[in-house]
């Protein structure tokens, strides 16, 4: 039954007109991860590759296409974990990094910490030679539209993102 | 949020999760994703989980680790995932989804919200779905 890779693109509400892009996005990401496994690569390489592809796909709430905070800015979180050693690395509130999951892996591989946040994470990224990207390059029209819509005082961002409890 | 879990040919397990967070969140708000045991967890002895959903409720129940706890108690990947999601819904009123795998390569993609885009690749077959109950396959 090995190797195997499974990916998700979030459990929030997806409008009908965006569903096809979400489905094709997770399928191409899983293919990329599986190609690494079929080539004898590690599970860590596979999950980082698959998640990087989804971060680069503006259809998903990660990397480019992230939802915006109340100020209309992007702040991203990511984690990786290695089942062999229970090694783990994470970043939070990073702003101008295209692939936070790759920075999270560097935290695991290059530091003895579990998580770096905000400006400290950015300084670490620069020290690791991870390129910074313009903040605007991560913001899509769709995320800007959802941000504006949820600025209204009576908006319920959790319900808007996750859907009703049912 | 996006995430992945994998078991390679040597049996090593890993997980990864990444997110832009919650819509219109306060500046500086950190959700479940970077928290070990909430946004993800991986252990060669038990399996791996990557989670998505309402972060504050995922953290309150440490959803990823909770699901692996159920697997340690003998539940299947599917049953353990459903138990974890059901507990999060009833105990703290949260919706979410997970992808889960065990060391033998059994896997599950489960969610308590109305949809979750997911895909899996195993034995050169691609599995995928979006709405509850969907499970499409094709050659990879």
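Residue numbers (our numbering), protein chains in the order written: chain A, 3 to 168; chain B, 96 to 235. Every residue, glycine too, gets a C-beta built ideally from N, C-alpha and C. Predicted model, so just to flag it, every value in this text is computed and none were measured.
For this session: Take the Cβ of residue 168(A) as the centre, count every other Cβ of all protein chains shown within 10 Å, and call the residue buried at 16 or more, exposed below.
Result: Residue placement at residue 168(A) is flagged as unreliable, the pLDDT there being 48, under the threshold of 50; the coordinate-derived value follows with that caveat. Exposed, since its Cβ has fewer than 16 Cβ neighbours within 10 Å.
Exercise. Does the Cβ of residue 106(B) lie closer than 8 Å to at least one heavy atom of the ligand GTP?
Worked result: Among the components of this structure there are no ligands whatsoever, and the ligand GTP is therefore not found.
Exercise. To the nearest angstrom, how far is it from the Cα of residue 144(A) to the Cα of residue 140(B)?
Worked result: 41 Å
Problem set entry | Start and end residues, alpha helix (DSSP H) containing residue 110(B) | Looking at the DSSP string, residue 110(B) is not in any alpha helix (DSSP H); the run it does join, the beta strand (DSSP E), is 108–114.
Problem set entry | Residues near residue 115(A) by beta carbon distance below 7 Å, same chain, minus five either side | 109
For this session: Just the C-alpha distance for residue 155(B) and residue 132(B), rounded to the nearest angstrom, thanks.
Result: 11 Å
Problem set entry | Cut-off 6 Å between Cβ atoms - residues of its own chain near residue 128(B), not counting five sequence neighbours on either side | 112, 114, 134
Problem set entry | Of the listed residues 148(B), 122(B), 142(B), nearest to residue 76(A) (C-alpha basis) | 122(B)
Exercise. Going by DSSP, which residues form a beta bridge with residue 182(B)?
Worked result: Beta-bridge pairing links residue 182(B) to no other residue.
Exercise. Given residue 142(A), which residues of its chain have a CB within under 8 Å of its CB, disregarding the five upstream and five downstream residues?
Worked result: 60, 66, 67
For this session: Tell me the start and end of each unbroken beta strand (DSSP E) in the stretch 174–220 of chain B that is at least 3 residues and wholly inside, in chain order.
Result: 191–196, 202–206, 210–217
For this session: Run down chain B in chain order and give the residues with a C-beta less than 8 Å from the C-beta of residue 126(A).
Result: Chain B residues near residue 126(A): none, gap ~14 Å exceeds 8 Å.
For this session: Below 7 Å CB to CB, which residues in the same chain sit around residue 136(B) once its five sequence neighbours on both sides are set aside?
Result: 110, 143, 144, 159, 160, 163
For this session: Taking residue 33(A) as the query, report the chain B residues whose CB atoms sit under 9 Å from its CB, ordered along the chain.
Result: 214, 216, 221, 235
For this session: Determine the direct distance from the alpha carbon of residue 4(A) to that of residue 94(A), and round the result to whole angstroms.
Result: 32 Å
For this session: List the residues of chain B whose Cβ lies closer than 7 Å to the Cβ of residue 169(A), in chain order.
Result: Residue 169(A) lies beyond the range of chain A shown here (3 to 168); nothing can be said about it.
Problem set entry | One or two residues paired with residue 10(A) in a DSSP bridge | 98(B), 213(B)
For this session: Report the residue from 24(A), 90(A), 71(A) whose alpha carbon sits nearest the alpha carbon of residue 50(A).
Result: 90(A)
Problem set entry | Distance between residue 23(A) and residue 220(B) (C-alpha atoms, nearest Å) | 20 Å
Exercise. Taking one C-beta from the stretch 215–231 of chain B and one from the stretch 177–184 of chain B each time, how about it: are there three or more such pairs within less than 8 Å?
Worked result: no
For this session: Determine the extent of the beta strand (DSSP E) in which residue 117(A) is found, giving its start and end residues.
Result: 117–119
Problem set entry | Ranges of the alpha helix (DSSP H) found wholly within the stretch 124–160 of chain B, counting only runs of at least 4 | 150–156
Exercise. Which residues of chain B have a Cβ atom closer than 9 Å to the Cβ of residue 57(A), listed in chain order?
Worked result: 97, 113
For this session: With DSSP collapsed to three states, give me the class of residue 170(B).
Result: coil
Problem set entry | Neighbourhood of residue 81(A) by C-beta, 6 Å cutoff - its chain only, sequence neighbours within 5 removed | 92, 106
For this session: Can you tell me which of the three DSSP states residue 38(A) falls into?
Result: helix
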